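Protein sequences, first through last, are from chains B and H. Under my numbering, the residues of the first sequence are numbered 23 to 460, in order. Under my numbering, the residues of the second sequence are numbered 657 to 1566, in order.
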Amino acid sequence: MTDELTRPLTRNVHPDRRPTDMDAYEANGGYRALKDTLGKRSPADCLQIIKDSNLRGRGGAGFPTGLKWSFVPMDDAASGPKYLICNADEMEPGTFKDRLLLECDPHQLIEGMILSAYTLQADVAYIFIRSEYLLAARLLREAIAACHARGYLGKDILGTDFSLEMHVHASAGRYICGEETALISSLEGKRANPRAKPPFPQVSGLWGRPTIVNNVETLCNIHHILERGAEWFQSLGIGEDAGTKLYGVSGRVKNPGCWELPIGTTVREILEVHAGGMEDGYALRGFLPGGGSTDFLTPEHLDLAMDYGTIGKAGSRMGTGTMIILDDKTCPIGFIHNLTKFFAQESCGFCTPCRDGLPWSAQVLEGLELGDGRPEDLDTLAYQIDYIGAIGNTHCALAPGAMEPVQSALKYFREDFEAHIAQGRCTYGHDHADGGAH
Amino acid sequence: MPKIRIDDREYDVPEGANLLESCLSAGLDLPYFCWHPAMGSVGACRQCAVVQYQDENDTRGRIVMGCMTPVTEGAIFSLSGDRASGFRKAIVESLMLNHPHDCAVCAEGGECHLQDMTVMTGHRDRRYRGRKNTHRNQYLGPLVHHEMNRCITCYRCTRYYRDYAGGTDLAALAAHDHVYFGRHVEGTLESEFAGNLVEVCPTGVFTDKTLVGHYTRKWDLQSAPSVCAGCAVGCNTLAGERYGKLKRVHNRFNAAVNGYFLCDRGRYGSGYVNNAERIPYPAERAADGRFNALDTHAAETLLAAKVAGKRIAGIGSPRSSVEANFLLRALVGEENFCPGFSVQEQPLVHRAAELLKSTSARVPELAEIEAADAVLVLGDDVTHTAPRLALALRQSVRNKAFELAADLRLLPWQDAAIRNLAQDRRSPLVSVTPGSTRLDDVAERCLHLAPGEIADFAFQVAAALRDDSAANDDAKAVAALLRGAKRPLVVAGTSLCEAAILDAAAAVAAELSQGESSAMLSLVVAEANSLGQALLAGGEAPDLSVLTARAEAGEIDTLIVLENDLYRRAPATEVDRLLDAVADCVVLDALETATCERADLVLPAASVIESEGTFVSMEGRAQRYFTVFPPGDGRRPAINWLLGGLQAAGHEDFADMAHVDEVVSACASAVPILAGIVEAAPGHAYRSHGVRIPRQPHRYSGRTAMRANVSVHEPRQPQDEESALAFSMEGLNRDEPGSLLPYVWSPGWNSNQSLHKFQAEVGGALRGGTAGARLLDGVSAPAIPVSEASSSSPGDQLELLPRPTIFGSDELSARSAGVRELVPSPYLEFSASDAASLGLRAGDGVLVEGVAGAFEVRVDPALREGCVAFAPGLAGCGDLVPRCAVRVRAAPDWQRRDAALIASDGEGRD
């Protein structure tokens, strides 16, 4: 029981990662929150609990969930449907936390979504899932069918007048679909181009109707909060943020993986206790705290708490909370070249700085990595960072995110860039574009 | 009006505008690409970046996009600061990474918005060392040329083609820096408005294919304001000439009519001017039947002999100017002047004119049509009968979107946001036609009925609007849609040859205008001056059959045919009867026609491009077209030939008349309803700021060398005694009336985007005023009795319906390069069930009893059963009489054309 209270999200996650089916889920208290809420608590009460809980979006931006939901108009049911979308298009480089939740405990997400939809009085819910997550998609479809069989989904759920349809939609495979408005465009069958805001999806989203898009992990918290209350949820966190967080580590560590820990756990504890520290013979050079589009931090930041505010103040973002480790034997230029190439490839092609700027940055980095760099290339990169890297210069956050590892690499690893240029070769011995860094 | 500060100067800007519009309207040069005044903002190119400051104390500010930033009271911006201008320079540098350095050989060079913006931002030196991306180009049909490497990915083309014009076969394909704008496979662009891509594209991706073979740069074009002769909408055009050839036609902005866009018939339909079939010299038929060329003097003498003291009759033309028709009528006398419509069409156009004069509803400009919030279309497939009107109707259905947007406080220029919000929620458009139309995709309801049924249905709607509970449910539903609107519009036309449809449309409009709404009635007639001709000729004018009867009675010595191919107006046997019965036939025309072949004297007329005159459009707008270049060889404007005839025949009133202005005045005073044509444009004495308006831009080059291969003696420049325009570079092209706008150009703005320098407010009317004079405003004829009688369908036989086609049904455009390739071979369109019962499949051949030649079968599953449709004007369709009952049978020995490989490209789909 203590376990359940401290790591609610992964209580049904087994070491062998077998999926938790309906019976097992219900046996462990599943759908209790659903039964205790529908028809018994008003949507407004539910929203207040979520607001009070201080839950922040786990997709990367950390926007307060209750606040986001409060922008949805609640008095216009007559004018058409409202939508809830689960963003399960987990494509941030180095991120694999949602996959764990999807594959091991699909009912947890569904219960969270039903209660979220109830709170928002949404009529239809979509799970927009990364196309490679075949197993998760199959499990979710099975789970949705099981819910229909038990009357947890469909018309007049549990005899109340609340109805909800839920669909699984497999993405066609673009990173940009993780951006909520691009996701909506894609779901409508259009090019996955992000949309200008305002209007925000909360008032004009899918099919022009009020729509909430939340990350898998965010939605998985909802029924726990409704069941146990805002205070309980707040008590789970260590620092100013509430709840637990799925943290992950990849790179040359002894025990790469994903763990549910109190939000605000220090980087050092995650890295040294849970990930087992660096592999023998490798030293920590730096790390991207929350996926491929966050700024590098360095060993001096090890004792920082992994929460939104602390990491933000250190010049990076907590992002998805899944770290990528840069060791001392991997070329940092190859590392960011690889990332930049990915982001350039994943640009939707809508706005100029991202579409044409990122490939240029990637080319400059490739030249530097291969030893073809020139001193003025560093000026070009600095100029590109200024030009592409600011929110507002581009149509969405993809390009600014892409420039975060580049700008921080220039800050922390400038000597590597200068050595590559001076020596006309990769000082780590990489001799081809991909560098074999990963 | 909010006050904003830009670079420490205060500006009053329009409420609800965005910053980019405001800057341009204030005369500030802020570069942009993806924004378009008719299409709004999406924020794709990021070119119009400026720095916005929070308040007085904010010294850093943040970069915002001008096109995406609403202007609000007290807002502070910097355009010229280093940060804003540096960012804009960086955008152009990015766009140039992959842009080819081919300006010197690019068809856009010299009028390229990308060139202008590159210079404006100051980008010059290249830092990028990588390779350029390259693309394959596509064949997009005979009108539009594709050169994808020049693309800067501004998305204007697909936004225009798909979002604005409703096309589906041009798309943004692929992603990141490989985005490709093209079709899924090569093939002719399906949209009837594809040619606007040429003007919408800010660089040289889409260019005029008809110009490629005889290319001339914008700066070398001699241009004049013209009016499209392709249909009755009256779109304003800019026609450009070099070396005595018409090079191209582009859009001339008119805020009330065509705005920024033309249809492809209008853009590419004037190429006939350069045809080898142009008649070069006057010619007299010799005894052996051949023609002998004459000089002008001999031709005038001969014409004089044929008119002086003879019993003459004249056939005018709805494609000829008001002035030429007026002179012909004066020459032959009112009672001998046939307006030149077909026997079926003449009463219809007259009826339309009478209804427009007497209706209590507003006869709308195109701009007002775009503002309609409920539309009822009766009979016509307007995409084919008045194409630009169809494009306007397509915009009208978006008014629902703007309403929804207003609720969310979105501004009309927030294009993507509004489209995402509204999705497929549209203002109602109800289409009641015999078969499918190109507007069906945006129609709330489509009813497919035979012509008589359409009229009956519309009368039911009128009855339902009177709260007549006997009306049927469909009619009640449509009435409810119209009644719920603030600006309902009824559109009908003459194309189906059913007068009752016009009456019924007027009846619906009359009911609607009883209420509080401002109802509109728009009646489509076929040709550029159809309405002007009906207003001139009146209801008593003899039609072709009357003239034939008189000729056969021996009452006509000389028949003068003005710019009209009679074989397009009546079956050949009837035209032959008329022409056989007259002693002498004089034909004035620009192109050889079947009628010319029967003439005793042929007089070569200048085309619309080579002469000056007035057309009256379907909204009753009189508009003047001007001579772009003087007609070559022995050609003269028709009014000059006719004035010669009048003078020879001793008409005192015309004895001293020589100029267009004089003819205009004479016509205006002789025909009261046409009095307003004087106001269509300023006369020849007008001067702008004391000087003439030049037809040639300030960079016009090679004038003295142009004819050096012919003679080193340079001919004197032509002197224009007919208008305020000059065949010269000298003069001033600024702020003159819109009717006299010869081209758009402004320092730093060499492309057509310079238009905003001629507008007081971006997207608004021209500074010098909107071209044209509306003749029917203020005319209050008494309401005419409306007859509810409509024709019924002919029993078990098929009823032959004329359904015009955009490329082919109009005579002159169908003979123009490019368009000619799009003219279909003659076809008959069947409903699915009729085709099945006749054992016909699409692509088969059929014969029509009593008509020569075979027709290809098309199947329109939506076509009303019992109807069979043909496209008037196509070769072989001349003997098909509209609305008669026909029997058809499969054609023996018919060779089916190869099936198209891709279903969506082909017509052969069952």
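Note that beta-carbon positions come from the ideal geometry of N, C-alpha and C, so glycine has one too. Since the model is a prediction, treat every value here as computed from it, not as a measurement.
Item to check | Beta-carbon proximity of residue 295 of chain B to residue 109 of chain B, cut-off 7 Å | outcome: Cβ distance not < 7 Å, so residue 295 of chain B and residue 109 of chain B don't count as in contact.
Next on the checklist: I need the DSSP call for residue 328 of chain B, collapsed to helix, strand or coil.
Outcome noted: For residue 328 of chain B, the secondary structure class from DSSP, reduced to helix, strand or coil, is coil.
Checklist entry - At which residues does the alpha helix (DSSP H) containing residue 382 of chain B begin and terminate? => result That run of the alpha helix (DSSP H) goes 380-392.
Checklist entry - Within this structure, are the beta carbons of residue 1067 of chain H and residue 726 of chain H separated by less than 7 Å? => result Contact: yes.
Next on the checklist: Please state whether the Cβ-Cβ distance between residue 1214 of chain H and residue 1245 of chain H is less than 7 Å.
Outcome noted: In this structure, residue 1214 of chain H lies away from residue 1245 of chain H, with their beta-carbon atoms at least 7 Å apart.
Next on the checklist: Suppose contacts are defined by Cβ-Cβ distances below 7 Å. Is residue 1188 of chain H in contact with residue 1272 of chain H by that definition?
Outcome noted: In this structure, residue 1272 of chain H lies closer than 7 Å to residue 1188 of chain H by Cβ.
Checklist entry - Can a CB atom of chain H be found closer than 7 Å to the CB of residue 411 of chain B? => result For residue 411 of chain B, not one C-beta of chain H is nearer than 7 Å to its own C-beta.
Next on the checklist: Checking the sheet assignment: what are the DSSP bridge partners for residue 344 of chain B?
Outcome noted: Residue 344 of chain B is bridged by DSSP to B/270.
Checklist entry - If you measure from the beta carbon of residue 835 of chain H to each beta carbon in chain B, is any gap under 7 Å? => result Interface residue, yes.
Next on the checklist: Just to confirm, is the Cβ distance from residue 849 of chain H to residue 813 of chain H under 7 Å?
Outcome noted: It is not a contact, given that the beta carbons lie outside the stated cut-off.
Checklist entry - Is residue 365 of chain B helix, strand or coil when you go by DSSP? => result When DSSP states are grouped into helix, strand and coil, residue 365 of chain B belongs to the helix group.
Checklist entry - Given that residue 715 of chain H touches chain B, what residues does it touch there, using C-beta distances under 8 Å? => result The premise fails here: residue 715 of chain H is roughly 17 Å from chain B at the closest Cβ pair, so nothing lies under 8 Å.
Item to check | Neighbouring residues, chain H, relative to residue 145 of chain B (Cβ below 9 Å) | outcome: Neighbourhood of residue 145 of chain B in chain H, by CB distance below 9 Å: empty, with the nearest CB roughly 16 Å away.
Checklist entry - Anyone know if the C-beta pair for residue 1177 of chain H and residue 1017 of chain H falls short of 7 Å? => result Going by beta carbons, residue 1177 of chain H and residue 1017 of chain H fall inside the 7 Å limit.
Checklist entry - So, is the C-beta of residue 150 of chain B closer than 7 Å to a C-beta in chain H? => result No, no contact with chain H.
Checklist entry - Using a C-beta to C-beta distance shorter than 9 Å, which residues of chain H count as neighbours of residue 369 of chain B? => result Those within 9 Å of residue 369 of chain B in chain H are 831, 832 and 833.
Checklist entry - Given a threshold of 16 other Cβ atoms within 10 Å of its Cβ, counted over all protein chains shown, does residue 1480 of chain H qualify as buried or as exposed? => result Burial call: exposed.
Checklist entry - Any chance the segment 220-238 of chain B sits against the segment 37-51 of chain B, with 3 or more Cβ pairs inside 8 Å? => result The answer is no - the segment 37-51 of chain B does not touch the segment 220-238 of chain B, with fewer than three Cβ pairs under 8 Å.
Next on the checklist: Determine, for residue 455 of chain B, whether the minimum Cβ-Cβ distance to residues of chain H falls below 7 Å.
Outcome noted: Low local confidence applies: a pLDDT of 47 at residue 455 of chain B is under 50, so the model's placement there is unreliable, with the coordinate-based value given in what follows. Interface criterion not met: the Cβ of residue 455 of chain B is under 7 Å from no Cβ in chain H.
Checklist entry - With DSSP run on the structure shown, which of helix, strand or coil describes residue 1271 of chain H? => result Here residue 1271 of chain H sits in strand by DSSP.
Item to check | Minimum Cβ-Cβ distance from residue 884 of chain H to chain B less than 7 Å | outcome: Judged by the 7 Å Cβ criterion, residue 884 of chain H is not in contact with chain B.
Checklist entry - Short check: CB of residue 1489 of chain H to CB of residue 1521 of chain H, under 7 Å? => result Using a Cβ distance threshold of 7 Å, residue 1489 of chain H and residue 1521 of chain H count as a contacting pair.
Checklist entry - Beta-carbon of residue 879 of chain H versus every beta-carbon of chain B: anything under 7 Å? => result At a cut-off of 7 Å between beta carbons, residue 879 of chain H makes no contact with chain B.
Checklist entry - When DSSP labels each residue in this structure, what does residue 401 of chain B get in the three-state scheme? => result DSSP places residue 401 of chain B in helix when its eight states are reduced to three.
Checklist entry - CA-CA distance, residue 670 of chain H and residue 897 of chain H? => result As the crow flies, the alpha-carbon of residue 670 of chain H is around 39 Å from that of residue 897 of chain H.
Next on the checklist: With a threshold of 8 Å on Cβ separation, who are the neighbours of residue 200 of chain B within its own chain once the five nearest residues in sequence on each side are excluded?
Outcome noted: 81, 109, 111, 112, 113 and 114, listed in sequence order.
Checklist entry - At a CB-CB cut-off below 8 Å, which residues of chain H make contact with residue 415 of chain B? => result Those are 702, 705, 719 and 743, listed as they occur along chain H.
Checklist entry - Alpha carbon to alpha carbon, what distance is there between residue 1120 of chain H and residue 886 of chain H? => result Each residue's alpha carbon lies about 37 Å from the other.
Item to check | Per DSSP, the bridge partner or partners of residue 1146 of chain H | outcome: H/1032 and H/1177, per the DSSP bridge assignment.
Checklist entry - Quick one: does residue 373 of chain B have its CB under 7 Å from some CB of chain H? => result Residue 373 of chain B counts as touching chain H.
Item to check | Cβ shell of residue 1448 of chain H (< 6 Å), same chain only, five flanking positions each side left out | outcome: Leaving aside the five residues that flank residue 1448 of chain H on each side, the residues in its chain whose CB is nearer than 6 Å to its CB run, in chain order, 1108.
Next on the checklist: Just to confirm the assignment, what range does the alpha helix (DSSP H) spanning residue 923 of chain H have?
Outcome noted: Run containing residue 923 of chain H: 920-924, per the alpha helix (DSSP H) assignment.
Next on the checklist: Can you tell me whether residue 1406 of chain H is buried or exposed? The criterion is at least 16 other CB atoms within 10 Å of its CB, across all chains shown.
Outcome noted: Buried: at least 16 other Cβ atoms inside 10 Å.
Next on the checklist: Taking 7 Å as the threshold (beta carbon to beta carbon), is residue 750 of chain H in contact with chain B?
Outcome noted: Output row for residue 750 of chain H: interface = yes.
Item to check | Option nearest residue 1293 of chain H by Cα separation, candidates H/663, H/873, H/1194 and H/977 | outcome: Ranking the options by Cα distance to residue 1293 of chain H, first place goes to H/977.
Checklist entry - In terms of residue numbering, what span does the alpha helix (DSSP H) encompassing residue 74 of chain B cover? => result Residues 65-75.
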